[in-house]
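One line per chain: the protein sequences are A and B, in this order. The opening position of the first sequence corresponds to residue 1 in the UniProt record's numbering, with each subsequent residue numbered one higher. The opening position of the second sequence corresponds to residue 1 in the UniProt record's numbering, with each subsequent residue numbered one higher. Working notes, beginning with the structure itself.
Number of protein chains: 2
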Amino acid sequence: MDDQTIPLDAETKAVEMPEHHRDELRLWLRLLTCSTLIEGEIRRRLRDRFDVTLPRFDLMAQLDKAPDGMTLSDLSKRMMVSNGNLTGLVDRLVTSGHLERRVSETDRRAQMVRLTKAGQDEFRSMAAEHEGWIADLFGDLTQKEQKDLMRLLAKTKNSARRAMMGGSQ
Amino acid sequence: MDDQTIPLDAETKAVEMPEHHRDELRLWLRLLTCSTLIEGEIRRRLRDRFDVTLPRFDLMAQLDKAPDGMTLSDLSKRMMVSNGNLTGLVDRLVTSGHLERRVSETDRRAQMVRLTKAGQDEFRSMAAEHEGWIADLFGDLTQKEQKDLMRLLAKTKNSARRAMMGGSQ
DNA sequence: AAAAATTACTTTAAGCTTAAAATAAATTCG
DNA sequence: CGAATTTATTTTAAGCTTAAAGTAATTTTT
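Listed below in structure tokens is the structure:
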């Protein structure tokens, strides 16, 4: 409510900001650290164990959920990456035999992309192991803590989306 | 041949996994979505508003906390990025006049890097605004929710670190 | 002190990523 | 219908990122 006097952390030596938004900043840095840490570990294991990159794995994960294939635009939205990024990613996965691309029959601009049989097999065997890694990485959280974290992240996501409205999106 | 033994639900996805680690997977995906979403927005605003990239901003943020400078290795550890990555990043920031690098007087392998006056001024003006963006992005969370999230993320971080021990780190 | 190991950093090659501009097909509108 | 707009994708240029290999300085070991 009313602004309390701000307790100056002993180790913090920066200038006092007009409003004390330090807490949100610390929260953001912790969230980022968490996801960077885990993402890095997953990336490392995917490379060491399967010689695959995370972006490729993610792309295959999306396609595994859509047996009939998806367009590049759909993929782009789901993966939250740019269209141009996807072009190269798909190119490489087609070359390696994991993906198949075909011009859509209803729209000659669009392409349907989907996993080949080999791609699907390989993905599923990776996914099974991947799921175990994640379970282990989050293993110290109780069922309740997982549930709470899930809820708080959902709320954070909504808050962020709300804040983005009007600005540019 | 024998690979049709599994009854495939028409619209639902894949095979039932040996152990149900779906929840952890969903939790991880939500965490990742959250940080990707926010990171993307910050990246966009830094570019639009200040014509600076997030990695450069992050690097300057580290140096702002160390007025006497840091070595590349210190930066590398703190930022959780590779040494090689830092070399290029620092190069560009030196060229643009934001950073100063000097060979350490006590160790001729090492370099001390620090913000120039101009770099510091520019960073601080960006940081003030940046802090407001973060506060807004997390704005829908109550004080208690922020505290809870902070705690759960700390626990997640520790859990992940524990899981990494032995594997490669 | 010489050899071995470690540490700090750079270089390289490959891939990821984006924004912006370009191309082409489809849709909307006058 | 034909022009203008939107949508789907590719290309380009620049920068980020990593792992692995290389160089050089320091520290440890023998």
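The C-beta atom is built at its ideal place from N, Cα and C for all residues, glycine as well.
Q. Since Phe57/A and Leu27/B are thought to touch, with beta carbons under 8 Å apart, how far apart are those beta carbons, to the nearest angstrom?
A. So it is not a contact: roughly 18 Å between Cβ atoms.
Q: Just the C-alpha distance for Thr71/B and Ala110/B, rounded to the nearest angstrom, thanks.
A: Cα-Cα distance, rounded: 6 Å.
Q: Check whether the segment 36 to 45 of chain A touches the segment 118 to 125 of chain A, taking contact to mean three or more Cβ pairs, one atom from each stretch, closer than 8 Å.
A: Too few Cβ pairs lie closer than 8 Å, so no.
Q: Inspect the CB distances between the segment 100 to 114 of chain B and the segment 124 to 131 of chain B and report whether three or more fall short of 8 Å.
A: With the cut-off at 8 Å, the segment 100 to 114 of chain B and the segment 124 to 131 of chain B do not touch.
Q. Given that Arg162/A touches chain B, what residues does it touch there, using C-beta distances under 7 Å?
A. Asp140, listed in chain order.
Q) For chain A, is any of its Cβ atoms less than 9 Å away from the one on Glu122/B? A) No, Glu122/B lies away from the interface with chain A (no Cβ there is under 9 Å from its Cβ).
Q.
My assumption, with CB atoms under 8 Å, is that Gln59/B sits in contact with Leu93/B. Please give the rounded CB distance.
A. What sits at residue 59/B in the sequence shown is Leu, not Gln. The pair is a contact, with the Cβ atoms about 7 Å apart (cut-off 8 Å).
Q | Proximity test, Cβ basis, 9 Å: Thr36/A and chain B | A | Thr36/A has a beta carbon lying within less than 9 Å of a beta carbon in chain B.
(Q) For a quick check, are the C-beta atoms of Thr116/B and Leu141/A less than 9 Å apart? (A) Annotated as distal: Thr116/B and Leu141/A, with beta-carbon spacing of 9 Å or more.
Q | Distance CB(Ser35/B)-CB(Thr36/A) smaller than 9 Å | A | Yes, the Cβ-Cβ distance between Ser35/B and Thr36/A is below 9 Å.
**Q.** Beta bridge counterpart(s) of Arg102/A as assigned by DSSP
**A.** The partner list for Arg102/A (beta bridge, DSSP) reads Met112/A.
Q.
Checking the sheet assignment: what are the DSSP bridge partners for Thr156/B?
A. According to DSSP, which records beta bridges pairwise, Thr156/B is partnered with nothing at all.
**Q.** C-beta contact flag for Leu25/B and Asp148/A at 9 Å
**A.** No.
Q) Mind pulling the chain A residues with CB within less than 8 Å of Gly40/B? A) Gly40/B reaches chain A at Met80, counting residues in chain order whose Cβ is nearer than 8 Å.
Q: Have a look at His98/B and His20/B and give me their C-alpha separation to the nearest angstrom.
A: His98/B and His20/B: Cα-Cα distance of roughly 51 Å.
Q. Does Gly132/A get closer than 9 Å to chain B when you measure Cβ to Cβ?
A. At a cut-off of 9 Å between beta-carbon atoms, Gly132/A makes contact with chain B.
Q: Would you mind listing the alpha helix (DSSP H) stretches within the UniProt domain "HTH marR-type" (24 to 158) of chain B that are 4+ residues and don't spill past its ends, in chain order?
A: For the UniProt domain "HTH marR-type" (24 to 158) of chain B, whole alpha helix (DSSP H) runs of length 4 or above, ordered along the chain, are 54 to 64, 72 to 79, 83 to 95 and 117 to 137.
Q. For Met164/B, which of helix, strand or coil comes out of DSSP?
A. Helix, per DSSP.
Q.
Between the alpha carbons of Ser104/B and Asp48/B, how many angstroms are there, rounded?
A. CA-CA distance, Ser104/B to Asp48/B, rounds to 36 Å.
Q.
Are the CB atoms of Gly69/A and Arg44/A within a distance shorter than 9 Å?
A. Going by beta carbons, Arg44/A and Gly69/A fall outside the 9 Å limit.
(Q) Beta carbons nearer than 8 Å to chain B: which residues of the segment 51 to 69 of chain A have them? (A) Of all residues in the segment 51 to 69 of chain A, those with a C-beta nearer than 8 Å to a C-beta of chain B are Asp64 and Lys65, reading in chain order.
Q) Exposed or buried, what is Ser159/B when buried is set at 16 or more other beta-carbons lying within 10 Å of its beta-carbon? A) The residue is buried, with at least 16 neighbouring Cβ atoms inside 10 Å.
Q. Residues in its own chain within less than 6 Å of residue 178/A by CB, not counting five upstream and five downstream?
A. Outside the modelled stretch of chain A, which goes from 1 to 169, sits residue 178/A, for which no answer is possible.
Q: Report all residues from its chain with a CB closer than 8 Å to the CB of Asp64/A; omit the five preceding and five following residues, and keep chain order.
A: Non-local beta-carbon contacts of Asp64/A in its own chain, meaning distances under 8 Å to residues more than five positions away in sequence, involve Leu115, Gln120, Phe123, Arg124 and Ala127 in chain order.
Q) Applying a beta-carbon distance threshold of less than 8 Å, which residues of chain A neighbour Asn158/B? A) Going along chain A in sequence order, the residues near Asn158/B (Cβ under 8 Å) are Asp140.
Q. So Ala163/B and Arg30/A are in contact, right, with Cβ under 8 Å, and what is the actual spacing, rounded?
A. Beta-carbon to beta-carbon, Ala163/B and Arg30/A are separated by about 18 Å, too far to satisfy the 8 Å threshold.
Q) Is it the case that the CB of Thr142/B approaches a heavy atom of the ligand MG more closely than 8 Å? A) The ligand MG is absent from the structure shown, which contains no ligands of any kind.
Q: Check whether the Cβ of Met165/B lies closer than 9 Å to any Cβ atom in chain A.
A: No, Met165/B does not count as interfacial toward chain A.
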